[in-house]
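Heads up, the thing below is written out as structure tokens.
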Amino acid sequence: MIDIKKIREQFPILQQKVNGKPLVYFDNGATSQKPEVVIDAIGNFYKTGNSNIHRGVHTLSRLATEQFEQSRKTIATHFHIKNEQQIIFTSGTTDSINKVAQGLAKHHLKSGDEIILSTYEHHSNILPWQLWAQKNGGVLKVIPLLEDNSLDYVAFENLFSEKTKLVAITHVSNTLGLITNLQKIKELTQKYNVPFLLDGAQSAPHMRIDLNQIEPDFFVCSAHKMYGPTGAGILYLSEKWLGTLPLASTGGGTIKTVTFEKTEYAEGALRFEPGTPHIAGAIGFATAIKFMDEVGMNHLYEHESYLVNHAQKALKQIREVELYGANDHKAGVISFNVKGQHPFDVGTLLDKYGIAVRTGHHCTQPLMQCLGVQGTVRISFAVYNTIEEVDFFIEKLKKVITMLQ
Amino acid sequence: MIDIKKIREQFPILQQKVNGKPLVYFDNGATSQKPEVVIDAIGNFYKTGNSNIHRGVHTLSRLATEQFEQSRKTIATHFHIKNEQQIIFTSGTTDSINKVAQGLAKHHLKSGDEIILSTYEHHSNILPWQLWAQKNGGVLKVIPLLEDNSLDYVAFENLFSEKTKLVAITHVSNTLGLITNLQKIKELTQKYNVPFLLDGAQSAPHMRIDLNQIEPDFFVCSAHKMYGPTGAGILYLSEKWLGTLPLASTGGGTIKTVTFEKTEYAEGALRFEPGTPHIAGAIGFATAIKFMDEVGMNHLYEHESYLVNHAQKALKQIREVELYGANDHKAGVISFNVKGQHPFDVGTLLDKYGIAVRTGHHCTQPLMQCLGVQGTVRISFAVYNTIEEVDFFIEKLKKVITMLQ
Amino acid sequence: MKIEDVEKEILEEFEFFGDDWEAKYEHLIDLGKSLPLIEAQFKTEENIIQGCQSRVWLNSELKDGKMIFTADSDAIITKGMVALMIRVLSGQKPEDIVNAKMDFVDKIGLKEHLSPTRANGLVSMINRMKKEAILNIEK
Amino acid sequence: MKIEDVEKEILEEFEFFGDDWEAKYEHLIDLGKSLPLIEAQFKTEENIIQGCQSRVWLNSELKDGKMIFTADSDAIITKGMVALMIRVLSGQKPEDIVNAKMDFVDKIGLKEHLSPTRANGLVSMINRMKKEAILNIEK
Ligand SMILES: Cc1ncc(COP(=O)(O)O)c(C=O)c1O
Ligand SMILES: Cc1ncc(COP(=O)(O)O)c(C=O)c1O
Numbered sequence: 239m240i241d242i243k244k245i246r247e248q249f250p251i252l253q254q255k256v257n258g259k260p261l262v263y264f265d266n267g268a269t270s271q272k273p274e275v276v277i278d279a280i281g282n283f284y285k286t287g288n289s290n291i292h293r294g295v296h297t298l299s300r301l302a303t304e305q306f307e308q309s310r311k312t313i314a315t316h317f318h319i320k321n322e323q324q325i326i327f328t329s330g331t332t333d334s335i336n337k338v339a340q341g342l343a344k345h346h347l348k349s350g351d352e353i354i355l356s357t358y359e360h361h362s363n364i365l366p367w368q369l370w371a372q373k374n375g376g377v378l379k380v381i382p383l384l385e386d387n388s389l390d391y392v393a394f395e396n397l398f399s400e401k402t403k404l405v406a407i408t409h410v411s412n413t414l415g416l417i418t419n420l421q422k423i424k425e426l427t428q429k430y431n432v433p434f435l436l437d438g439a440q441s442a443p444h445m446r447i448d449l450n451q452i453e454p455d456f457f458v459c460s461a462h463k464m465y466g467p468t469g470a471g472i473l474y475l476s477e478k479w480l481g482t483l484p485l486a487s488t489g490g491g492t493i494k495t496v497t498f499e500k501t502e503y504a505e506g507a508l509r510f511e512p513g514t515p516h517i518a519g520a521i522g523f524a525t526a527i528k529f530m531d532e533v534g535m536n537h538l539y540e541h542e543s544y545l546v547n548h549a550q551k552a553l554k555q556i557r558e559v560e561l562y563g564a565n566d567h568k569a570g571v572i573s574f575n576v577k578g579q580h581p582f583d584v585g586t587l588l589d590k591y592g593i594a595v596r597t598g599h600h601c602t603q604p605l606m607q608c609l610g611v612q613g614t615v616r617i618s619f620a621v622y623n624t625i626e627e628v629d630f631f632i633e634k635l636k637k638v639i640t641m642l643q
Numbered sequence: 239m240i241d242i243k244k245i246r247e248q249f250p251i252l253q254q255k256v257n258g259k260p261l262v263y264f265d266n267g268a269t270s271q272k273p274e275v276v277i278d279a280i281g282n283f284y285k286t287g288n289s290n291i292h293r294g295v296h297t298l299s300r301l302a303t304e305q306f307e308q309s310r311k312t313i314a315t316h317f318h319i320k321n322e323q324q325i326i327f328t329s330g331t332t333d334s335i336n337k338v339a340q341g342l343a344k345h346h347l348k349s350g351d352e353i354i355l356s357t358y359e360h361h362s363n364i365l366p367w368q369l370w371a372q373k374n375g376g377v378l379k380v381i382p383l384l385e386d387n388s389l390d391y392v393a394f395e396n397l398f399s400e401k402t403k404l405v406a407i408t409h410v411s412n413t414l415g416l417i418t419n420l421q422k423i424k425e426l427t428q429k430y431n432v433p434f435l436l437d438g439a440q441s442a443p444h445m446r447i448d449l450n451q452i453e454p455d456f457f458v459c460s461a462h463k464m465y466g467p468t469g470a471g472i473l474y475l476s477e478k479w480l481g482t483l484p485l486a487s488t489g490g491g492t493i494k495t496v497t498f499e500k501t502e503y504a505e506g507a508l509r510f511e512p513g514t515p516h517i518a519g520a521i522g523f524a525t526a527i528k529f530m531d532e533v534g535m536n537h538l539y540e541h542e543s544y545l546v547n548h549a550q551k552a553l554k555q556i557r558e559v560e561l562y563g564a565n566d567h568k569a570g571v572i573s574f575n576v577k578g579q580h581p582f583d584v585g586t587l588l589d590k591y592g593i594a595v596r597t598g599h600h601c602t603q604p605l606m607q608c609l610g611v612q613g614t615v616r617i618s619f620a621v622y623n624t625i626e627e628v629d630f631f632i633e634k635l636k637k638v639i640t641m642l643q
Numbered sequence: 067m068k069i070e071d072v073e074k075e076i077l078e079e080f081e082f083f084g085d086d087w088e089a090k091y092e093h094l095i096d097l098g099k100s101l102p103l104i105e106a107q108f109k110t111e112e113n114i115i116q117g118c119q120s121r122v123w124l125n126s127e128l129k130d131g132k133m134i135f136t137a138d139s140d141a142i143i144t145k146g147m148v149a150l151m152i153r154v155l156s157g158q159k160p161e162d163i164v165n166a167k168m169d170f171v172d173k174i175g176l177k178e179h180l181s182p183t184r185a186n187g188l189v190s191m192i193n194r195m196k197k198e199a200i201l202n203i204e205k
Numbered sequence: 067m068k069i070e071d072v073e074k075e076i077l078e079e080f081e082f083f084g085d086d087w088e089a090k091y092e093h094l095i096d097l098g099k100s101l102p103l104i105e106a107q108f109k110t111e112e113n114i115i116q117g118c119q120s121r122v123w124l125n126s127e128l129k130d131g132k133m134i135f136t137a138d139s140d141a142i143i144t145k146g147m148v149a150l151m152i153r154v155l156s157g158q159k160p161e162d163i164v165n166a167k168m169d170f171v172d173k174i175g176l177k178e179h180l181s182p183t184r185a186n187g188l189v190s191m192i193n194r195m196k197k198e199a200i201l202n203i204e205k
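Protein chains in written order, with our numbering: chain R, 239 to 643; chain F, 239 to 643; chain G, 67 to 205; chain Z, 67 to 205.
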């Protein structure tokens, strides 16, 4: 299998102490740490290859363009896409979703139209649609949860109407780690002929994703959650939308010709990438993808599942712990609370032991309302986490529970 | 004065050879090179401090938040702003302008309204307004040029009408290096009570900018042209617009409370920064600003003016060279052509000598149409360029002219 | 007692724990538990200080020229911190509150709770306390 | 001559310059100057291949089972490169054009002109030439 020790050695930040204790970083759902290759790829670009791209005739500009376009190809290949023009560089998942929402609002979405979301959604996959709905008289319909906090696919089907214009749904719940049934989504969206957007922010870091097979209309994710740099992400567009999605933003680099009266736009990805892109970010992102592919997405998933199952089992044995959406089929994330205690207190004390967890609503307030809590404690794993860290965390969690009582 | 040799040593990329020749980098208008401190600030963040910000209770998250918010303060101080909440982090100038255009389009701009731009504008300060104008029946009015390619301020005043809702103008022409008369802009926009957006993409890298004194409604610039990283920039909003500019994009991190029906947004800069920001970019940007402030903006401007004047004088002595907008009062940029030759050829041959220049329309096609050319050769300076480089360039340019004849 | 004297008292109290953060936090938690709760009628929307995670309610009134603060929080560690703030500032003259440096928090090694991360509402709470004090000077 | 033979000829021609890029580019410029211009009637919008900077016009016709290409560019170095492409591909059978690897460009040390930077239209031009060839196979 994979040699976690060797992997850990590649992450400089894991070698350091926090509050005098070795860092146990369980906040990967918020952002992952970066391996040395990624940090170096960014540094080396600035040290040896930095230049603006696309329009230059000089050597540095040509080489930077080649690196940038090669990064697009690497990412396309990772997601099993043949035409790399379908990969648009953005500044992250939130930016990508906004681009789709703003684009669709121009022609595709009309007053009275409906969009189906799930109870799981991150604010970034709610607010852009809400902004549209409030301004244009649109309606957001929400897939409810079953008792076990999984999505209610029967209720889901009942939400479809002639007015349904989009299903925008997360692949993995960032709060619960539960995985959406893509088979079901594909089946229903095809049956009702409705486009769907898949929010891959929490799936892309953890599992193999074959967009050629899933066939979403839109797919989005963030580099910073995938061992890559901040400020970078992608928007994948299906062939159909690549040619037809109206532009939300525009500017230099997207055009063939411009006069003050009229602009003829370029084709492919460029049309959607106005201004100087985050060149170092794209290169760093591709390097992170290569890092993941070298580990192997299936190995990565297996290792993290192992950690999740181990941690869940141990947490279940602590009487004071309440787990949310516990399940064997998860993508690296566990949410829980200590009964009667505020998650803030639990997180604050764990931090004193060097354990970084996330507490609060995780940008999923509607899900919190549904669970009937203010917030949860969330631990989320990456490939560099170990069973020993999980055991250390469980030990200290017990200590924290005693302290708070 | 300033010790250029010491400054050059801080830029790793300048130590390298291109095509076997030392790199003479005169493409700073497209993007500047980065000093070691900036590259290290980014690397160190990922190596020791990387975490997502704002919502975490753990130590790394707190420290990252402090660094991020301190970066905002550093940038605010540089531009002489007291309330750092007026500095919004964006992915660059183009992104910033789009955010303003999309926001204003929601309430402020109505069908039939007029926006005044100048002939100088970069596509990034034309296309977002054109997109609005075409969709909503708006009108773009254009400040023409005088014989000497300076803006015609008399004609400018005549463009104002009751329907004028915005003046969006560049501080420095990225193609010609000519500096807009801000006194005039301020006077006219105050007289007609019209908000103005100042595109600082090409001024912020070269001169001291006091936003407290200029009092624009919106000011935008890009980190990557200011010795900082790619994928980062700012949108400055005046107090008035900070509270009132409608949101164009939205998502996680911008809110107080969310339900599927309704969202209560946070106040200040956060409202405009949905999703995980380019944290490393903000930190790198602030480090670049500190680098500039250490050199001193006035020293920087003086040095670059010296280079511009020296180069202009030498270019004037070459019979085959046609200069555009030659002038003593410039911000580091010179555009010219070799009569009868395509700028692409000139640029390609200069590159063989290790000299990186930009050729083409520089994303200012309307200005090209006005000058009656397809493109120009543009040389643009940064603080690390030297008189020796200028002399070397002049010598090789002469060689190139001979070769092409 | 003057503000400085209360601060000194707290300092001494915490010095006792040395580097033992567990003991320090246990003390903080105890302080939280001992905080006289705010009266239910004051737990209003208006009195809430929204941190991103833990919430703080603060009520203030002027009594015989001195500010009386009562407060509560839903998180116990925040509540412990709030208890310290109240101990220092409640019962003091508005002028003194406005000038209080509150750097004892740093000295007892709990500075992290005053970071601007929004995660707790403490910075906002101190600001609110000072604002109330200012209003009562101007009266 | 077969494509490979023309390529070999060009290779030998350029080998002569060794590492002297100035001589090489002077030769390229000469080639550009010698390119038989495209007839004015073919300099149409339709025949234009838009690079970001230099423009290329390309006309193609099938004559006795062979593709005849004529071309022009507004930049002389691009024109020199175009002249080389035409020398290799014009007068060849469509099948052979489709299969041509064009790696001689790399071998004579001018690979940079075939980068996807959009700055010149050469990659697009080769693609266009091959596309025209395919159309003429299918006929
Ligand atoms: C005057 C001007 N405005 C806007 C831009 C766009 O900046 P960016 O590409 O960083 O978004 C540029 C960059 O070339 C510029 O020179
Ligand atoms: C499911 C999901 N969607 C969207 C986002 C937003 O991603 P970003 O902050 O990188 O834009 C997140 C990040 O927390 C997420 O977990």
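Glycine included, every Cβ here is placed at the ideal spot set by N, Cα and C.
Any idea which residues DSSP pairs residue i with across the strands?
| i | result |
| --- | --- |
| Ile115/Z | Val122/Z |
| Glu502/F | Thr495/F |
| Lys129/G | Lys132/G |
| Val615/R | Phe574/R, Thr597/R |
Return yes when the C-beta of residue i is under 6 angstroms from any heavy atom of ligand 2, and no when it is not.
| i | result |
| --- | --- |
| Asn412/R | yes |
| Asn603/F | Residue identity check: residue 603/F is Gln in the sequence provided, not Asn. No. |
| Ser460/R | yes |
| Ala439/R | yes |
Out of the options, point me to the one whose CA is closest to residue i's CA.
| i | options | result |
| --- | --- | --- |
| Leu553/R | Gly287/R, Glu395/R, Lys577/R | Lys577/R |
| Leu176/G | Met151/G, Met195/G, Ile104/G, Phe135/G | Met151/G |
| Asn419/F | Ala406/F, Ala393/F, Leu389/F | Leu389/F |
Work out the CA separation of residue j and residue i for me, nearest whole Å.
| i | j | result |
| --- | --- | --- |
| Leu635/R | Val584/R | 8 angstroms |
| Ile335/F | Glu92/Z | 45 angstroms |
| Gln305/R | Ile521/R | 7 angstroms |
| His524/R | Lys311/R | Here the sequence assigns Ala to residue 524/R, which means His is not the residue at that position. Near 9 angstroms, if we compare the C-alpha coordinates of Lys311/R and Ala524/R. |
| Leu436/F | Phe327/F | 16 angstroms |
| Lys403/R | Pro433/R | 7 angstroms |
For a contact defined as C-beta to C-beta under 9 angstroms, what are the partners of residue i on chain F?
| i | result |
| --- | --- |
| Asp265/R | Ser289, Asn290, Gly294, His296, Leu298, Ser299 |
Just the chain G side, please: which residues come within less than 7 angstroms of residue i by C-beta, in chain order?
| i | result |
| --- | --- |
| Lys634/F | Correct list: empty, because the minimum Cβ distance to chain G is about 53 angstroms. |
Could you list which residues in chain R have their beta carbon closer than 8 angstroms to that of residue i, in chain order?
| i | result |
| --- | --- |
| Glu70/G | Those within 8 angstroms of Glu70/G in chain R number zero; the least Cβ separation is about 28 angstroms. |
| Gln119/Z | Arg293, Val295 |
Residue i versus chain F: which residues are under 8 angstroms apart at the beta carbon?
| i | result |
| --- | --- |
| Glu178/G | Thr297, Arg300 |
Along chain G, which residues have their Cβ under 8 angstroms away from the Cβ of residue i?
| i | result |
| --- | --- |
| Lys494/F | Gln116 |
Which residues in chain Z sit within 8 angstroms of residue i, going by Cβ to Cβ distance?
| i | result |
| --- | --- |
| Lys590/F | Trp87, Glu88, Tyr91 |
Is any non-hydrogen atom of ligand 1 found closer than 6 angstroms to the C-beta of residue i, if you look at the structure I gave you?
| i | result |
| --- | --- |
| His360/F | yes |
| Ser299/R | no |
| Ala442/F | no |
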